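Chains as they are written, first to last, in the numbering used here: chain W, 106 to 267; chain C, 123 to 278. Even for Gly, the Cβ is constructed at its ideal location relative to N, Cα and C. Predicted model, so just to flag it, every value in this text is computed and none were measured. Shown next, in structure tokens, is the structure this report addresses.
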Amino acid sequence: MSCESVRECLQENLEGTRHPLELAARLPDWAQRHLEGCPACREASWQLVSLECSLRRLNEMSPMPVDLTAGVMAALQRPEPVVAASRERFWMRAAAVLLVSLCLYASTYVSFPPLQAGWQLVSGWSLPRLELPGLSESLALVGAAVCLVGAAALNWRWSGAH
Amino acid sequence: MQVLLYTLCFGLGAVGVASLGLLGWVLWPGRARAARERIEQSRGRCLVIGLLHLLALLFLLAVTDRRGGGAGLLVAAFLVWMAWKLLTALPGVLSWLGESLGSLADRPELDTARATIWGAFLLAGVGLVPWLGWALLTACLAATCGCGALGGRRAT
């Protein structure tokens, strides 16, 4: 009873097995007795069952689509969803900033005592004021707006949000 | 006396900035890595964005009333936003500066923490040099702020 004949027997009974014990149960008595005493053949039976299971899983997977190339090319030409999400996030942020600013501005006109007290508290502190020679307030305001809009536009262009 | 004062400024500045940088790596490692990548890839863009923000801040401070009020609050909010961007981008920029310094000094394989500390000492040292050093320091801080403000997926 050689190992070679046992392995031939293993291969003949392999189809459809899910576990080495299932395979061993299908073998004739002489092969089962050989397996009990031969670690190399037991190892071979484990490997064969493992290979069989892998092949069966591969077979159960959905077949590759015939128009794979066309599908890949179409996907490449579609706009990236990340970019769209990024653009959406930019506008959401801009809208949020605008809304908060409007709310803050409007709240200064609301005659609600706790709110007025809060504004009085806020107006108590002061920021350092720069005295830039030859610069009127309106010009400085325009300069600030130009810088901020320019920075936002460059940021939008360079960050890939467009 | 003056040497002592300079040494004190250097030491306190370096230790303070290094602590901020190391804390940033611990608290916001993702932001620090993104800032590091951004400053490596597009220093010029970070600098331009940062300088524009700095200029806008100067203009806004020129029109702000001494008393706070609504406009003052908006300027303060802008200041806080810039400080936040500066703080979160600082670790990445410091480690990049430190690694650049390490390459110059034939120590190319510094780990992140050491590179951050080297970068902080470099910034503090530059800040001691009048005019040119201050200009460099301002540019570096502006680039850091711009690096934090430069959004998007990744710098290109």
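Residues of its chain near residue i, where Cβ-Cβ distance is below 7 angstroms and the 5 sequence neighbours each way are ignored
i	result
C/R276	Summary for C/R276: the model assigns pLDDT 46, below 50, so the residue's position carries little reliability; its value from the coordinates is reported in the next sentence. Contacts found: E159.
C/P252	none
W/P125	S150, W151 and V154
W/T213	W224
W/V83	The structure shown has nothing for residue 83 of chain W, since chain W only spans 106 to 267.
C/A136	A242, F243 and A246
C/M204	H175, L179 and C267
W/L119	L128, L153 and E157
C/W206	none
Other residues of its chain near residue i: CB distance less than 8 angstroms, five sequence neighbours each side excluded
i	result
W/C114	L132, P133 and A136
C/S217	G143, W147, A154, R158, T234, A237, T238 and G241
C/L208	L263, T266, C267 and G270
C/L232	G220, E221, G224 and W240
C/V248	G255, L258, L259 and C262
W/E148	none
C/Y128	L250
CA nearest to the CA of residue i, picked from the options
i	options	result
C/G194	W/N118, W/L163 and W/L226	W/L226
W/C108	W/A179, W/C143 and W/E117	W/C143
W/R198	W/A257, W/L246 and W/M178	W/A257
W/N164	W/G121, W/T174 and W/E242	W/G121
W/L237	C/V185, C/L149 and C/R229	C/V185
W/L244	C/W206, C/L183 and C/S141	C/L183
C/S210	C/A227, C/L134 and C/L145	Ser is not the amino acid found at residue 210 of chain C; the sequence shown has Thr there. Of the candidates C/A227, C/L134 and C/L145, the one whose C-alpha sits nearest the C-alpha of C/T210 is C/L145.
Proximal residues of chain W, C-beta to C-beta of residue i below 7 angstroms
i	result
C/L196	S206
C/I161	Within 7 angstroms Cβ-Cβ: nothing; C/I161 doesn't reach chain W, min ~13 angstroms.
C/V170	L259
Contact set between residue i and chain C, taken where Cβ atoms lie within less than 9 angstroms
i	result
W/L156	What W/L156 touches in chain C: nothing, since even the nearest Cβ is about 43 angstroms away.
W/E242	A184 and V185
Residue i vs residue j beta-carbon contact at 8 angstroms
i	j	result
W/N260	C/A261	no
C/A246	C/V125	no
C/L179	W/G255	no
C/G172	C/A257	no
C/T266	C/L201	no
W/C158	W/R194	no
W/C252	C/F181	yes
C/I161	C/G214	yes
Cross-chain neighbours of residue i in chain W, by beta carbon under 8 angstroms
i	result
C/R167	L259 and W263
C/L174	C252, L253, G255, A256 and L259
7 angstroms Cβ cut-off: residues of chain C touching residue i
i	result
W/G248	F181
W/L237	A184
W/L253	A178
W/A245	F181, A184 and V185
Cβ-based neighbour list, residue i, same chain, cut-off 6 angstroms, excluding 5 preceding and 5 following
i	result
C/T278	Bear in mind that the predicted position of C/T278 carries a pLDDT of just 38, short of 50, making it too unreliable to give a figure here.
C/L176	A264
W/G239	none
Assumed close pair residue i, residue j - CB separation to whole angstroms, cut-off 8 angstroms
i	j	result
C/L250	C/L219	Contact doesn't hold; Cβ gap of about 16 angstroms is too wide.
C/L196	W/S216	Between W/S216 and C/L196 the Cβ distance is about 22 angstroms, and since that is not below 8 angstroms, they are no contact.
Partner residues on chain W for residue i, Cβ-Cβ distance less than 9 angstroms
i	result
C/A271	A256 and N260
Proximal residues of chain C, C-beta to C-beta of residue i below 8 angstroms
i	result
W/C146	Ordered by position in chain C, no residue passes the 8 angstroms Cβ test against W/C146, which lies about 53 angstroms from the chain.
W/L203	Residues of chain C passing the Cβ test: none, with the nearest at roughly 12 angstroms.
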